[in-house]
Ligand code: ZN
């Protein structure tokens, strides 16, 4: 067995390198020593294999730990470093790790799989009122997406004809392109990567194999949703471009404003007008809730802007279903016009108030006096 190089040195990273640093370093080396860029260079192939072996060990947490502790001697049994026999084995082992992009592109064409990609996600919107948001509701949503063409069943060819293997790329969907002294794989310009050409396009979809359609879906909206809520309709999005799963459809909810209730998380706030006499003498008033009117006792001496809490009359929590509160804020409404009797009584009241300064007012004037005396 020949003398083995240190894996960290091979990748040119420190012993404390993160997983990402290791992957980035390997990616750089793999591109540098890629056989397509170094035709006939045996040394490049050796370096390419060396880097793959180092990456194989250092990207595996258990193997890396064993290597850190005991060096190459630690890599035995289950922790054995993989000896790559040929380049294709490297492509099939690591082609998937890097996903799409230039690396995936190279690996994809060199014996790796052309992985099916998920279709795109679709966004749509449903608006509902506060009552519906509180109780939950079932609504129909309509959105546009591609459906497999019913005339050609997705082949894109006119019924009775068949798509033909692309002459330009030989059906692979990719071609080798020389750029300077190395070559790269690119998507075939003749067939757009499909690997087939269509001499007689389907009249329905014009050869695309798919047509735009409007679909409608029933959406069950649970109680407690808000305008920030997004519901996912799994697998209801766009078609995959190459036989993979459909994307998802996301439904954004828009809860319309209510004329009486303002929402604050799970609580509702409602402002209710009362008269001066109701505030001073106390009263039984009727207040609105989402389930209809309810009685609320206003105690004598209630102040304007005072808040009364009706427990459990707010919005439900989406998960626990526990309900928030309804906060009733009363405010004193001053009458805009007065009957003669009304006015007579109020004038009498004014005389009493002028003669007898109320305790609260005394406090108030006392505070102002204090404030000015401090300044002066
Ligand atoms: Zn068609």
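Residue numbers (my numbering): 67 to 442.
Glycine included, every Cβ here is placed at the ideal spot set by N, Cα and C.
Judged by DSSP in its simplified three-state form, residue 397 adopts strand.
Judged by pairs of C-beta atoms under 8 Å, the stretch 391-406 touches the stretch 340-356, as three or more such pairs exist.
Counting only residues of its own chain and dropping the five nearest sequence neighbours on each side, residue 237 has a CB closer than 8 Å to the CB of 231, 261 and 262. In terms of side-chain proximity, the C-beta atom of residue 226 is found no nearer than 7 Å to any non-hydrogen atom of the ligand ZN.
Under the 10 Å beta carbon count, residue 410 is surrounded by fewer than 16 other beta carbons and is classified as exposed. With fewer than 16 other CB atoms across the displayed protein chains lying within 10 angstroms of its CB, residue 278 is exposed.
Cβ neighbours of residue 74 within its own chain (closer than 6 Å, five residues either side excluded): 81. In the three-state reduction of the DSSP assignment, residue 197 falls in the helix class, which pools H, G and I.
Taking residue 201 as the centre and dropping the five residues before and after it, the same chain places the C-beta of 289 closer than 6 Å to its C-beta, in chain order. The shortest C-alpha to C-alpha distance from residue 368 to any of 389, 287 and 395 is the one to 395.
Not one heavy atom of the ligand ZN lies closer than 7 Å to the C-beta of residue 263. Per DSSP, the unbroken beta strand (DSSP E) holding residue 360 starts and ends at 360-364. Here the distance from the Cβ of residue 257 to the nearest heavy atom of the ligand ZN is not below 7 Å. Setting aside the 5 residues that flank it on each side, residue 389 is surrounded in the same chain by 332, 378, 379, 380, 381, 382 and 383, each with a C-beta closer than 8 Å to its C-beta; the list follows chain order.
As a beta-bridge residue in DSSP terms, residue 231 pairs with 262. In this structure, the beta-carbon distance from residue 116 to residue 79 does not fall below 8 Å. In chain order, 205, 207, 285, 287, 317, 318, 319 and 320 place their CB closer than 8 Å to the CB of residue 192, counting only its own chain and leaving out the 5 sequence neighbours on each side. Exclusion of the five residues before and after residue 274 leaves 222 as the residues of its chain whose Cβ lies within less than 7 Å of its Cβ. For residue 295, same chain residues with a beta-carbon under 7 Å away, outside a window of 5 residues either side, are 319 in chain order. Only residues of its own chain outside the window of five on either side were considered, and among them 92 have a CB closer than 6 Å to the CB of residue 121, listed in chain order. DSSP places residue 391 outside both helix and strand once states are collapsed to three, so it counts as coil.
Around residue 212, the same chain offers 276, 277, 278, 279, 304 and 305 as residues with beta carbons nearer than 8 Å, after the five sequence neighbours per side are excluded.
Among the bridge pairs identified by DSSP, residue 278 is matched with 212. Judged by beta-carbon spacing, residue 220 lies beyond the 8 Å limit of residue 239, meaning their Cβ atoms are not closer than that value. Taken through DSSP and simplified to helix, strand or coil, residue 322 comes out as coil.
A distance criterion of 7 Å places the beta-carbon of residue 217 in contact range of the ligand ZN, judged by its closest non-hydrogen atom. In this structure, the C-beta of residue 390 stays at least 7 Å away from each heavy atom of the ligand ZN. Distance check between residue 366 and each of 348, 203 and 393 places 348 closest, using alpha-carbon atoms only. Listed in chain order, the non-local C-beta contacts of residue 197 below 7 Å within the same chain comprise 356, local neighbours out to five positions each way being set aside.
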